[in-house]
Each structure stands twice: as structure tokens, then as C-alpha cells.
Amino acid sequence: MPAVDIKMRNSVARQGDNEAFLTTLTNNSNHIAFFIRVEVTRGLDGSEVLPITYDDNYVTLFPHESRTVTANVAASDLGNARPAVRVEGYNVRRETSRLP
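Position 79 of the sequence shown, counting from 1, maps to 79 under the numbering used here, and the rest follow consecutively.
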């Protein structure tokens, strides 16, 4: 399966005492991007923020398809860390970016 680079766009929405992290994944290639996992982390090299709920995960993107994955976490569970989003998949290299 050919390697695929995906585009990632992140945004944050405050919902009461919770933070909602929205990550839009776009596959601009002509190949399938398989089994992509989205993970909200404590900093660029940090561990996953837990507890957390995702509306979807381990997604497959067909050529030229986009999908948004939303993660919800209590703001108090973030501590002092500046959150980031990490994505990787079966044929998608790991990429991490800071949240706005």
C-alpha cells in the first residue's frame, strides 16, 4: 500500500467545562489512507490526554475525502500542558501539531 500524506487542520471550541478539539483530515492523494488514529496529547511529545472521548477514530479516507474527528475532554484534565494533536495510520506517517 503506497504511503499517503494527509492534511490536518485543527480547531478548539470551549463547551462549558469541556474543550472540544476538532481535527479535519484531508486525503488529497489518489490512494487510500488506512486506519488513521487521532490522538490529543500533552504537548508535541507528550502522552495522550485521558480521560477523553472521540466521536470517531481509526478512520479510513478514500482519495480526495475529508473527515472531521472531534475529541472532548474536561479542561481540568489538561493540567498545565499545551495540547497537541498526533495522527498516524497504517500508511500515514506520524505527524503532530499544536492546537491553536
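We put the beta carbon where it would ideally sit given N, CA and C, even for glycine.
**Study point:** Where the beta strand (DSSP E) containing Arg98 begins and where it ends
**Key:** Val92 to Arg98
Exercise for review: Give a yes or no on whether the C-beta atoms belonging to Phe34 and Gly89 are separated by under 8 Å.
Suggested key: yes
Review point. With distances taken from CA atoms, which of Ser76, Val92, Asn91 and Ala71 is nearest Ala84?
Key: Ala71
Practice item. Would you identify the three-state DSSP class for Ser29, choosing helix, strand or coil? Key: coil
Exercise for review: Give the C-beta separation of Val38 and Val73 to the nearest angstrom, bearing in mind that I take them to be a contact with Cβ-Cβ under 8 Å.
Suggested key: Contact flag wrong, Cβ pair sits at about 13 Å.
Practice item. Taking Pro2 as part of the beta strand (DSSP E), name the residues at either end of that continuous run. Key: It is not in any beta strand (DSSP E) - Pro2 carries neither H nor E in the DSSP assignment.
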